[in-house]
Amino acid sequence: MIEILRTENINKSFDGRKVLKDINIKLNKGELISLIGVSGSGKTTLFNIIAGLLKPDSGDVFLKGEKITGEVGRVSYMLQKNLLLHYMTVIDNVALPLVLRGENKKEAREKVKGLFKEFGLEGTENKFPHELSGGMAQRVALLRTYVFSNEVALLDEPFSALDAITKSQIHKWYKKIIHEMEISTIFITHDIEEAIKLSDRIYVLGKDPGMIIDEIEIDEGFGEDYFENDKFIKYKRYIIEKLNSIEENLKI
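According to the UniProt record's numbering, the stretch in the sequence shown is residues 1 to 252, in order.
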(Lines of atoms letter the chains of each structure in order from A and count residues from 1; the text may use other names and numbers.)
(Lines give C-alpha, C1' and ligand atoms only; values in the text may rest on other atoms or scores of the structure.)
Protein backbone atom coordinates (compact mmCIF):
# COMPACT_ATOMS: atom_id res chain seq x y z
CA MET A 1 0.00 0.00 0.00
CA ILE A 2 1.09 3.59 -0.68
CA GLU A 3 1.59 5.69 2.44
CA ILE A 4 0.07 9.15 2.08
CA LEU A 5 0.32 10.61 5.60
CA ARG A 6 2.07 9.83 8.85
CA THR A 7 2.79 11.44 12.18
CA GLU A 8 6.08 10.87 13.98
CA ASN A 9 6.34 11.14 17.77
CA ILE A 10 3.82 13.95 18.18
CA ASN A 11 3.88 15.50 21.67
CA LYS A 12 1.71 18.35 22.93
CA SER A 13 1.10 19.93 26.34
CA PHE A 14 -1.21 22.70 27.53
CA ASP A 15 -0.51 24.59 30.77
CA GLY A 16 1.91 21.92 31.92
CA ARG A 17 -0.50 19.03 31.24
CA LYS A 18 0.66 16.55 28.62
CA VAL A 19 -2.20 15.99 26.19
CA LEU A 20 -0.45 13.89 23.53
CA LYS A 21 2.55 11.63 23.93
CA ASP A 22 4.58 10.05 21.10
CA ILE A 23 1.69 9.74 18.64
CA ASN A 24 2.64 7.70 15.59
CA ILE A 25 -0.11 6.98 13.07
CA LYS A 26 0.00 6.08 9.39
CA LEU A 27 -2.60 6.54 6.64
CA ASN A 28 -2.39 4.76 3.30
CA LYS A 29 -3.92 5.94 0.03
CA GLY A 30 -7.63 5.14 -0.19
CA GLU A 31 -7.73 3.97 3.43
CA LEU A 32 -10.02 5.05 6.27
CA ILE A 33 -8.61 4.92 9.78
CA SER A 34 -10.53 5.84 12.92
CA LEU A 35 -9.40 7.35 16.19
CA ILE A 36 -11.34 6.17 19.23
CA GLY A 37 -10.74 7.23 22.80
CA VAL A 38 -12.45 8.45 25.92
CA SER A 39 -13.25 12.18 26.15
CA GLY A 40 -10.11 14.22 26.71
CA SER A 41 -7.74 11.76 25.02
CA GLY A 42 -6.53 14.42 22.57
CA LYS A 43 -8.19 13.32 19.34
CA THR A 44 -9.24 16.81 18.25
CA THR A 45 -5.88 18.25 19.32
CA LEU A 46 -4.20 15.69 17.06
CA PHE A 47 -6.50 16.70 14.18
CA ASN A 48 -5.61 20.36 14.72
CA ILE A 49 -1.92 19.46 14.57
CA ILE A 50 -2.31 17.40 11.38
CA ALA A 51 -4.31 20.26 9.82
CA GLY A 52 -1.56 22.73 10.75
CA LEU A 53 -3.80 24.75 13.07
CA LEU A 54 -1.62 23.85 16.07
CA LYS A 55 2.09 23.19 16.29
CA PRO A 56 3.26 20.21 18.33
CA ASP A 57 5.83 20.68 21.08
CA SER A 58 7.85 18.04 19.25
CA GLY A 59 7.32 15.59 16.42
CA ASP A 60 6.29 16.05 12.81
CA VAL A 61 3.55 15.45 10.25
CA PHE A 62 4.43 14.15 6.77
CA LEU A 63 2.28 14.20 3.62
CA LYS A 64 3.61 11.91 0.87
CA GLY A 65 7.01 12.06 2.54
CA GLU A 66 7.10 15.87 2.75
CA LYS A 67 7.17 17.51 6.18
CA ILE A 68 4.07 19.71 6.56
CA THR A 69 4.17 20.38 10.31
CA GLY A 70 2.41 23.67 11.04
CA GLU A 71 1.31 24.20 7.42
CA VAL A 72 -2.37 24.96 6.86
CA GLY A 73 -4.24 24.14 3.67
CA ARG A 74 -2.47 20.84 2.97
CA VAL A 75 -5.22 18.53 4.24
CA SER A 76 -8.97 19.12 4.50
CA TYR A 77 -10.85 19.22 7.80
CA MET A 78 -14.59 18.72 8.29
CA LEU A 79 -16.16 19.37 11.67
CA GLN A 80 -19.29 17.82 13.17
CA LYS A 81 -21.49 20.62 11.78
CA ASN A 82 -21.52 20.94 8.01
CA LEU A 83 -20.99 24.76 8.20
CA LEU A 84 -22.60 25.31 4.80
CA LEU A 85 -23.27 28.99 4.11
CA HIS A 86 -27.06 29.39 4.01
CA TYR A 87 -27.02 32.38 1.64
CA MET A 88 -25.00 30.53 -1.02
CA THR A 89 -26.24 27.93 -3.49
CA VAL A 90 -24.92 24.41 -3.12
CA ILE A 91 -22.52 24.76 -6.06
CA ASP A 92 -21.13 28.00 -4.65
CA ASN A 93 -20.62 26.34 -1.26
CA VAL A 94 -18.72 23.52 -2.95
CA ALA A 95 -16.63 25.88 -5.10
CA LEU A 96 -15.78 28.13 -2.13
CA PRO A 97 -12.33 26.60 -1.40
CA LEU A 98 -11.26 27.34 -4.96
CA VAL A 99 -12.59 30.91 -4.84
CA LEU A 100 -10.78 31.53 -1.57
CA ARG A 101 -7.57 30.47 -3.32
CA GLY A 102 -8.12 33.23 -5.85
CA GLU A 103 -9.86 31.38 -8.68
CA ASN A 104 -12.57 33.04 -10.73
CA LYS A 105 -16.05 32.10 -9.43
CA LYS A 106 -17.32 30.98 -12.84
CA GLU A 107 -14.26 28.80 -13.47
CA ALA A 108 -14.49 27.36 -9.95
CA ARG A 109 -18.10 26.36 -10.57
CA GLU A 110 -17.13 24.64 -13.82
CA LYS A 111 -14.34 22.72 -12.08
CA VAL A 112 -16.61 21.29 -9.37
CA LYS A 113 -19.71 20.70 -11.54
CA GLY A 114 -18.48 17.31 -12.73
CA LEU A 115 -18.07 16.05 -9.17
CA PHE A 116 -21.75 16.36 -8.35
CA LYS A 117 -22.59 13.14 -10.20
CA GLU A 118 -19.74 11.29 -8.46
CA PHE A 119 -21.10 12.33 -5.07
CA GLY A 120 -24.74 11.58 -5.92
CA LEU A 121 -25.68 15.26 -5.82
CA GLU A 122 -26.91 15.89 -9.36
CA GLY A 123 -29.81 18.34 -9.37
CA THR A 124 -28.82 20.08 -6.14
CA GLU A 125 -26.39 22.57 -7.67
CA ASN A 126 -28.72 25.58 -7.58
CA LYS A 127 -30.55 24.73 -4.37
CA PHE A 128 -29.80 26.33 -1.02
CA PRO A 129 -28.63 24.33 2.04
CA HIS A 130 -32.00 24.69 3.84
CA GLU A 131 -33.68 22.85 0.95
CA LEU A 132 -31.59 19.71 1.52
CA SER A 133 -32.12 16.78 3.87
CA GLY A 134 -29.57 16.21 6.62
CA GLY A 135 -27.91 13.40 4.68
CA MET A 136 -27.69 15.42 1.48
CA ALA A 137 -26.26 18.42 3.34
CA GLN A 138 -23.53 16.18 4.76
CA ARG A 139 -22.74 14.92 1.26
CA VAL A 140 -22.36 18.52 0.11
CA ALA A 141 -20.06 19.25 3.06
CA LEU A 142 -17.99 16.15 2.25
CA LEU A 143 -17.75 17.21 -1.40
CA ARG A 144 -16.54 20.66 -0.34
CA THR A 145 -14.00 18.95 1.93
CA TYR A 146 -12.81 16.87 -1.04
CA VAL A 147 -12.49 20.00 -3.20
CA PHE A 148 -10.37 21.66 -0.50
CA SER A 149 -7.92 18.74 -0.62
CA ASN A 150 -8.51 15.46 -2.42
CA GLU A 151 -5.47 13.86 -0.74
CA VAL A 152 -6.42 13.58 2.94
CA ALA A 153 -9.72 14.31 4.70
CA LEU A 154 -9.96 14.75 8.46
CA LEU A 155 -13.54 14.07 9.58
CA ASP A 156 -14.47 14.92 13.18
CA GLU A 157 -17.71 13.05 14.00
CA PRO A 158 -19.32 14.12 10.70
CA PHE A 159 -22.36 11.84 10.98
CA SER A 160 -23.19 12.11 14.68
CA ALA A 161 -26.13 14.50 14.18
CA LEU A 162 -27.89 12.23 11.67
CA ASP A 163 -30.73 9.88 12.56
CA ALA A 164 -29.99 6.15 12.53
CA ILE A 165 -31.52 5.42 9.10
CA THR A 166 -29.81 8.38 7.39
CA LYS A 167 -26.53 7.50 9.08
CA SER A 168 -26.71 3.92 7.83
CA GLN A 169 -27.38 5.14 4.27
CA ILE A 170 -24.52 7.64 4.32
CA HIS A 171 -22.16 4.97 5.71
CA LYS A 172 -22.83 2.79 2.64
CA TRP A 173 -22.47 5.78 0.35
CA TYR A 174 -19.19 6.97 1.87
CA LYS A 175 -17.62 3.50 1.73
CA LYS A 176 -18.53 3.39 -1.98
CA ILE A 177 -17.09 6.88 -2.58
CA ILE A 178 -13.85 6.01 -0.74
CA HIS A 179 -13.40 2.96 -2.94
CA GLU A 180 -14.23 4.71 -6.21
CA MET A 181 -12.27 7.92 -5.63
CA GLU A 182 -9.52 6.64 -3.30
CA ILE A 183 -10.28 9.23 -0.63
CA SER A 184 -7.83 8.83 2.25
CA THR A 185 -9.63 9.57 5.51
CA ILE A 186 -8.87 9.93 9.21
CA PHE A 187 -12.07 9.71 11.19
CA ILE A 188 -12.93 10.66 14.77
CA THR A 189 -15.98 8.97 16.26
CA HIS A 190 -17.36 7.95 19.64
CA ASP A 191 -19.57 5.37 17.92
CA ILE A 192 -17.75 2.04 18.09
CA GLU A 193 -20.10 0.35 15.62
CA GLU A 194 -19.59 3.17 13.14
CA ALA A 195 -15.82 2.86 13.44
CA ILE A 196 -15.90 -0.90 12.82
CA LYS A 197 -18.23 -0.56 9.82
CA LEU A 198 -16.19 2.15 8.11
CA SER A 199 -12.57 1.55 9.07
CA ASP A 200 -9.66 -0.37 7.63
CA ARG A 201 -7.84 0.21 10.91
CA ILE A 202 -8.71 1.69 14.30
CA TYR A 203 -6.30 3.44 16.66
CA VAL A 204 -7.36 3.40 20.32
CA LEU A 205 -6.10 6.32 22.39
CA GLY A 206 -5.48 6.31 26.12
CA LYS A 207 -5.73 9.41 28.28
CA ASP A 208 -3.47 11.50 30.56
CA PRO A 209 -1.54 11.62 28.37
CA GLY A 210 -3.26 10.72 25.11
CA MET A 211 -1.24 7.96 23.49
CA ILE A 212 -1.82 5.07 21.12
CA ILE A 213 -2.53 1.98 23.20
CA ASP A 214 -3.74 -0.28 20.40
CA GLU A 215 -4.01 -0.55 16.62
CA ILE A 216 -6.73 -2.84 15.33
CA GLU A 217 -6.84 -4.15 11.76
CA ILE A 218 -10.44 -4.58 10.64
CA ASP A 219 -11.02 -7.59 8.45
CA GLU A 220 -14.39 -6.98 6.78
CA GLY A 221 -16.55 -9.79 5.48
CA PHE A 222 -19.43 -8.82 7.78
CA GLY A 223 -22.12 -8.97 5.09
CA GLU A 224 -25.24 -6.84 5.51
CA ASP A 225 -26.12 -8.11 9.01
CA TYR A 226 -23.28 -6.25 10.73
CA PHE A 227 -24.66 -6.35 14.22
CA GLU A 228 -25.33 -10.10 14.23
CA ASN A 229 -21.99 -11.09 12.76
CA ASP A 230 -19.71 -12.87 15.26
CA LYS A 231 -16.61 -11.12 13.95
CA PHE A 232 -18.26 -7.70 14.28
CA ILE A 233 -19.39 -8.50 17.84
CA LYS A 234 -15.86 -9.61 18.80
CA TYR A 235 -14.35 -6.36 17.52
CA LYS A 236 -16.94 -4.33 19.41
CA ARG A 237 -16.44 -6.28 22.64
CA TYR A 238 -12.66 -5.95 22.39
CA ILE A 239 -12.79 -2.17 21.87
CA ILE A 240 -15.28 -1.70 24.72
CA GLU A 241 -12.98 -3.66 27.04
CA LYS A 242 -10.04 -1.48 25.98
CA LEU A 243 -11.95 1.75 26.66
CA ASN A 244 -13.29 0.43 29.97
CA SER A 245 -9.76 -0.45 31.07
CA ILE A 246 -8.68 3.13 30.31
CA GLU A 247 -11.49 4.51 32.48
CA GLU A 248 -10.62 2.11 35.30
CA ASN A 249 -6.95 3.09 35.21
CA LEU A 250 -7.89 6.77 35.38
CA LYS A 251 -9.77 6.12 38.62
CA ILE A 252 -6.79 4.45 40.29
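Heads up, the beta-carbon is just placed ideally off N, CA and C, and yes, glycines get one too.
Values in this document were obtained by computation on a predicted structure and should not be read as measured data.
Which of helix, strand or coil DSSP assigns to SER76:
Here residue 76 refers to the residue found at position 76 when the sequence shown is read from its first residue. Of the three classes helix, strand and coil, the one that applies to SER76 here is strand, per DSSP.
Check whether the Cβ atoms of LEU63 and LEU20 lie closer than 7 Å to each other.
In the sequence shown, residue 63 corresponds to position 63, counting from 1. In the sequence shown, residue 20 corresponds to position 20, counting from 1. No; because the gap between Cβ atoms is not below 7 Å, this pair is not in contact.
Applying the 10 Å Cβ sphere with the 16-neighbour rule, what's the burial state of GLU131?
Looking up residue 131 in the sequence shown gives position 131. Classification for GLU131: exposed.
Would you mind working out which of GLY120, LEU53, TYR238, ALA141 sits nearest GLU180, comparing C-alpha positions?
The residue labelled residue 180 in the question sits at position 180 within the sequence shown. Minimum Cα distance to GLU180 is reached at GLY120.
Looking at ALA182: is its Cβ nearer than 7 Å to the Cβ of GLY30?
As a first step, residue 182 is located in the sequence shown; it is residue number 182 there, counting from the start. As a first step, residue 30 is located in the sequence shown; it is residue number 30 there, counting from the start. The sequence given here places Glu at residue 182; Ala does not occur at that position. Going by C-beta atoms, GLU182 is nearer than 7 Å to GLY30.
Assign residue 316 to one of two classes, buried (16 or more other C-beta atoms within 10 Å of its C-beta) or exposed (fewer than that).
Nothing can be reported for residue 316, as the shown portion of the chain is limited to 1 through 252.
Between GLU125 and LYS117, what straight-line distance do the alpha-carbon atoms span, to the nearest angstrom?
The sequence position of residue 125 within the sequence shown is 125, counting from 1. The sequence position of residue 117 within the sequence shown is 117, counting from 1. Computed Cα separation, rounded: 10 Å.
Classify GLU107 as buried or exposed, calling it buried when 16 or more other Cβ atoms lie within 10 Å of its own Cβ.
As a first step, residue 107 is located in the sequence shown; it is residue number 107 there, counting from the start. The residue in question, GLU107, is exposed, as its Cβ has fewer than 16 Cβ neighbours within 10 Å.
Mind the definition here: the region 191-211 touches the region 146-154 only if three or more C-beta pairs lie below 8 Å; say whether that holds.
no
Of the residues LEU155, GLY135, LYS43, ASN9, which one's Cα is nearest the Cα of TRP173?
The sequence position of residue 173 within the sequence shown is 173, counting from 1. For the residues LEU155, GLY135, LYS43, ASN9, the minimum Cα distance to TRP173 belongs to GLY135.
Any idea what DSSP makes of residue 337, helix, strand or coil?
Outside the displayed span of the chain (1 to 252) sits residue 337, for which this structure offers no information.
Residue span of the beta strand (DSSP E) that contains SER184, given as start and end
Here residue 184 corresponds to residue number 184 of the sequence shown, with the count starting at 1. Annotation for SER184: the continuous beta strand (DSSP E) segment containing it runs 184-188.
Would you report the Cα separation of GLY42 and LYS111, rounded to the nearest angstrom?
In the sequence shown, residue 42 corresponds to position 42, counting from 1. In the sequence shown, residue 111 corresponds to position 111, counting from 1. One C-alpha to the other measures close to 36 Å.
If you draw a straight line from the alpha carbon of LEU142 to that of THR166, how long is it in whole angstroms?
One-based indexing of the sequence shown puts residue 142 at position 142. One-based indexing of the sequence shown puts residue 166 at position 166. Approximately 15 Å between the Cα atoms of the pair.
Cα-Cα, which of ILE68, ASN229, GLY206, ASN11 is closest to ASP57?
In the sequence shown, residue 57 corresponds to position 57, counting from 1. Minimum Cα distance to ASP57 is reached at ASN11.
Would you call the CB atoms of ASN32 and LEU154 closer than 7 Å?
Numbered from 1 along the sequence shown, position 32 holds the residue referred to as residue 32. Numbered from 1 along the sequence shown, position 154 holds the residue referred to as residue 154. Here the sequence assigns Leu to residue 32, which means Asn is not the residue at that position. Not a contact, by the Cβ cut-off of 7 Å.
Alpha carbon to alpha carbon, how far is ARG201 from MET78?
Sequence index remark: in the sequence shown, residue 201 carries index 201 (1-based). Sequence index remark: in the sequence shown, residue 78 carries index 78 (1-based). Each residue's alpha carbon lies about 20 Å from the other.
To test your reading of the DSSP string, which unbroken alpha helix (DSSP H) runs of 4 or more residues are found completely within the region 162-220?
Fully enclosed alpha helix (DSSP H) runs of 4 or longer: 164-181, 192-198.
Whole angstroms are fine: how far does the CA of GLU71 sit from the CA of LYS176?
Mapped onto the sequence shown, residue 176 falls at position 176. Mapped onto the sequence shown, residue 71 falls at position 71. Straight-line Cα distance between these residues: approximately 30 Å.
Please report the distance separating the alpha-carbon of ASP60 from that of VAL204.
As a first step, residue 60 must be located in the sequence shown, where it is residue number 60. As a first step, residue 204 must be located in the sequence shown, where it is residue number 204. Approximately 20 Å, taken between the alpha carbons.
For THR145 and ALA95, I'd like the C-alpha separation in whole angstroms.
The residue you call residue 145 lines up with position 145 of the sequence shown. The residue you call residue 95 lines up with position 95 of the sequence shown. The straight-line gap from Cα to Cα measures roughly 10 Å.
Candidates ARG17, PRO129, SER76: closest to SER184 by CA position:
Counted from its first residue, the sequence shown places residue 184 at position 184. Residue SER76 is the option with its Cα nearest to SER184.
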